[in-house]
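Residues in the sequence shown are numbered consecutively from 32, following the working numbering.
Okay, so here's the structure we're looking at.
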Amino acid sequence: MSLLRDIILEEYQRNILMQQEYETKINELPKGTIVIKKVSNNEYYYLKYRDGKKTVTDYLGRDEKKIDETEKQIKKRKHFEIMLAELKKENILIQKVTGGCI
Numbered sequence: 032m033s034l035l036r037d038i039i040l041e042e043y044q045r046n047i048l049m050q051q052e053y054e055t056k057i058n059e060l061p062k063g064t065i066v067i068k069k070v071s072n073n074e075y076y077y078l079k080y081r082d083g084k085k086t087v088t089d090y091l092g093r094d095e096k097k098i099d100e101t102e103k104q105i106k107k108r109k110h111f112e113i114m115l116a117e118l119k120k121e122n123i124l125i126q127k128v129t130g131g132c133i
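Here it is as structure tokens:
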């Protein structure tokens with residue numbers, strides 16, 4: 032039983048470290064969505080996100096590289112958020128298995 036408990040404890044510690052890493056990475060990446068506004072046959076790209084109760088719109092410009100990079104970062108952030116949610120579910124499962132002793 033001790034070996035199993037050690038394995039579960041090790042997994043719990045790994046889980047906590049991964050959660051911290053994902054939270055750090057998520058905070059470094061931009062949130063929101065890219066919005067395209069058309070004004071007389073010209074397209075303008077904006078990053079739109081919420082800051083508390085306010086909706087913030089930042090102009091990205093017309094540089095395709097910057098727009099693509101921002102879009103990739105947003106997708107990466109969403110992926111990290113999904114992974115963080117999975118880790119939190121695993122953490123709850125570990126707590127149930129150990130009876131909340133960890």
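Even for Gly, the Cβ is constructed at its ideal location relative to N, Cα and C.
In its chain, beyond the 5 residues on either side, L60 and P61 have a beta carbon closer than 8 Å to the beta carbon of Q104. With a 10 Å radius around the Cβ and a threshold of 16 neighbouring Cβ atoms, Y53 comes out buried.
Taking 4 residues as the minimum length, the segment 47 to 123 contains no alpha helix (DSSP H) run wholly inside it. Rounded to the nearest whole angstrom, the CA to CA distance from K119 to V70 is 44 Å.
A distance below 8 Å between beta-carbons, with the five flanking residues on each side excluded, links I65 to the following residues of its chain, in chain order: Y76, Y77, L78, K79, L91, I98, T101, E102 and I105.
In this model, T55 and N72 are separated by some 40 Å (Cα to Cα).
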